[in-house]
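The sequence shown maps to residues 6 to 151 in the numbering used here.
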Amino acid sequence: MRISTKGRYALRMLVDLAEHKNDGFIALKDIAKRQNISKKYLEQIVPVFNKSHILQTNRGFQGGYRLAVEPNKCTVGEVIRLTEGSLSPLACIDDENEVHCDRSADCATLYVWQGLKKVVTDYLDSVTLQDIIDKKHESYANDYVI
């Protein structure tokens, strides 16, 4: 499994919104500038979240985007599934995919791929936007010079 630029940038955008959650609606141009991501690229990512419960949109003067959930309620796994699709390393064990391998009943390595999927899913579903912010602030707190 490989996470595309779309998935990585979406996560950065949502972390940025989480960090600025008390600032109201945030314009994409502000996120783009802070994250050094093209505004046009962010415009392509936003529609992924329009149907989800994660993002709120406000049009017009002082419009923009904000998180519709608390940062500790949104997991990296959720973000990656919305942007990338399944977390499965193979189509034959993809719960959302009806395509299954004809050899799955006799596949000696099936348990390896199922285990990998479980480890990746469990980990990404355990990390929240708030965890990322906390880790970032923790690393800044330890970066001082006397």
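The beta carbon of each residue, even a glycine, is placed where N, CA and C say it ideally should be. For clarity, every value in this text was computed on a predicted model and none was experimentally measured.
If you follow the alpha helix (DSSP H) that residue i is in, where does it begin and where does it stop?
{"i": "N55", "result": "44-55"}
{"i": "R17", "result": "10-24"}
{"i": "T114", "result": "First-last for T114: undefined, no H or E at that position."}
{"i": "T88", "result": "81-89"}
Under the rule that 16 or more other beta-carbon atoms within 10 Å means buried, what is residue i, buried or exposed?
{"i": "A23", "result": "buried"}
{"i": "A15", "result": "buried"}
{"i": "C106", "result": "exposed"}
{"i": "P52", "result": "exposed"}
{"i": "A32", "result": "exposed"}
{"i": "M6", "result": "exposed"}
{"i": "Y70", "result": "buried"}
{"i": "F54", "result": "buried"}
Residue i and residue j look like a contact to me (Cβ under 8 Å); what is the Cβ gap, rounded to whole Å?
{"i": "I98", "j": "L92", "result": "About 10 Å separates the two Cβ atoms, so there is no contact after all."}
{"i": "T88", "j": "G12", "result": "4 Å"}
For residue i, does the three-state DSSP call read helix, strand or coil?
{"i": "I59", "result": "coil"}
{"i": "L92", "result": "coil"}
According to DSSP, what are the bridge partners of residue i?
{"i": "Y70", "result": "I31, T62"}
{"i": "T133", "result": "T80"}
Are the C-beta of residue i and some C-beta of chain D separated by less than 8 Å?
{"i": "G29", "result": "Judged by its chain identifiers, the structure shown contains no chain D, having just a single protein chain."}
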